[in-house]
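Written out below as structure tokens is the structure these notes cover.
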Ligand code: NDP
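Right under this line is the structure:
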């Protein structure tokens with residue numbers, strides 16, 4: 248179905264995008280990837296070779312989300328666009344809106360370029376960060392396609408603000424357009440790394456396994472495997488009924504304590520490095536009065552939010568790997584890539 252298609256993947260050096268590129272090339276598509284540093288194209292070639300795929304299936308264009316230059320050339324001749332690029336820093340900036348110019352501005356540049364070039368469909372990598380933040384409702388509330396994070400909330404992070412603003416802008420740009428839009432809204436993405444550049448979502452498990460997290464807050468969150476995220480993006484390109492929809496992706500919920508238990512059971516030799524103590528909620532809530540960063544952490548305390556990933560199953564045909572498998576495969580690859588020593 249994708250054989251012979253040229254597909255633009257923005258931010259092809261990212262953790263998720265690398266899996267998407269592999270999946271597309273495996274299906275016979277030609278991928279044009281955008282990156283900020285042209286010397287990094289070689290990393291994608293190495294990954295394709297490792298997967299037994301032709302490097303001719305990939306070419307790159309240098310662009311930055313904060314700049315206009317290059318986007319018109321990047322989208323030219325593409326029937327489909329996957330817009331995954333967005334700032335995902337390991338540490339939140341101080342200013343609530345610091346990430347918006349790149350996230351929102353970049354999305355507008357990519358989508359306007361796509362529309363002008365007559366692209367048929369854009370798949371946007373959004374996030375559950377654009378769905379459930381800033382709501383103080385019961386833990387039983389189920390969040391899904393119709394929900395939006397409240398950027399005016401005190402407890403929302405700059406990252407979640409940027410994802411919410413970017414996704415809203417995407418729907419606005421393509422409202423009434425012949426270019427279709429599909430949003431993919433994953434929970435926290437774990438799963439195997441394809442190289443030794445892990446991205447931000449692996450950092451928590453890497454810190455734990457490296458013995459650099461002495462204690463952990465009592466919190467839970469949804470987890471989805473990166474291989475399922477890549478499958479969802481590819482399905483979203485071609486499933487007719489996907490157009491105009493937002494798909495929450497979640498393989499299941501875990502607490503930090505669950506993650507410690509999975510790692511302890513899988514790697515008993517690692518147990519001495521893993522955190523054993525929980526940080527009392529009261530301590531975090533007290534510190535939250537003094538620091539806006541801790542306030543964001545405090546907002547995450549307690550059980551994971553309930554997420555409705557039903558449409559991803561019924562419309563995109565996904566069947567999710569378990570969150571335990573996502574944790575184990577990430578941990579295995581952290582060892583394999585030499586990012587955590589045994
Ligand atoms: P990575 O940090 O690994 O990838 C982010 C990508 O965006 C990189 O290719 C990065 O380029 C690019 N990028 C960032 N800023 C700019 C910029 N100013 N101009 C051009 N490119 C830029 O993260 P992930 O792969 O995890 O995330 C990919 C997408 O998925 C993001 O949109 C993220 O918000 C979303 N997401 C991620 C989740 C997760 O848990 N991982 C969960 C839900 C959504 P460079 O390599 O040069 O830094």
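In the numbering used here, the protein residues as written are 248 to 589. Beta carbons: idealized from backbone N, C-alpha and C, even for Gly.
Opposite residue i in the DSSP bridges: which residues?
i, result
"residue 368", "327 and 427"
"residue 553", "389"
"residue 494", "431"
"residue 280", "256 and 307"
"residue 462", "524"
"residue 467", "502"
In this structure, does DSSP put residue i in helix, strand or coil?
i, result
"residue 337", "coil"
"residue 404", "coil"
"residue 588", "coil"
"residue 347", "helix"
"residue 254", "strand"
"residue 472", "strand"
"residue 447", "coil"
"residue 301", "coil"
"residue 526", "strand"
"residue 537", "coil"
"residue 438", "coil"
"residue 577", "helix"
"residue 565", "coil"
"residue 548", "strand"
"residue 378", "coil"
"residue 516", "helix"
"residue 396", "coil"
"residue 360", "helix"
"residue 414", "helix"
"residue 590", "The question about residue 590 has no answer here: the residues shown for the chain are numbered 248 through 589."
"residue 312", "coil"
"residue 332", "coil"
"residue 353", "helix"
"residue 383", "coil"
"residue 248", "coil"
"residue 286", "helix"
"residue 422", "coil"
"residue 409", "helix"
"residue 486", "coil"
"residue 296", "helix"
"residue 274", "coil"
Below 8 Å on the Cβ atoms is my guess for residue i versus residue j; work out the distance and round it to an integer in Å.
i, j, result
"residue 441", "residue 449", "That belief does not hold up - the Cβ atoms of residue 441 and residue 449 are roughly 12 Å apart, past 8 Å."
"residue 265", "residue 302", "At roughly 14 Å, the Cβ-Cβ gap does not stay under 8 Å, so residue 265 and residue 302 are not in contact."
"residue 563", "residue 494", "6 Å"
"residue 291", "residue 280", "6 Å"
"residue 434", "residue 468", "6 Å"
"residue 254", "residue 278", "6 Å"
"residue 547", "residue 466", "5 Å"
"residue 536", "residue 402", "Wrong, their Cβ atoms sit about 12 Å apart, outside the cutoff."
"residue 443", "residue 496", "Residue 443 to residue 496, Cβ: 25 Å. No contact."
"residue 406", "residue 376", "6 Å"
"residue 485", "residue 336", "Not really, about 33 Å apart at Cβ, beyond 8 Å."
"residue 429", "residue 359", "Rounded, the Cβ-Cβ distance is 17 Å, inconsistent with contact."
Within 10 Å of its beta-carbon, does residue i have 16 or more other beta-carbons around it, so buried, or fewer, so exposed?
i, result
"residue 509", "buried"
"residue 305", "buried"
"residue 289", "exposed"
"residue 489", "buried"
"residue 314", "exposed"
"residue 312", "buried"
"residue 583", "exposed"
"residue 257", "buried"
"residue 365", "exposed"
"residue 414", "buried"
"residue 498", "buried"
"residue 438", "buried"
"residue 369", "buried"
"residue 412", "buried"
"residue 373", "buried"
"residue 513", "exposed"
"residue 527", "exposed"
"residue 518", "exposed"
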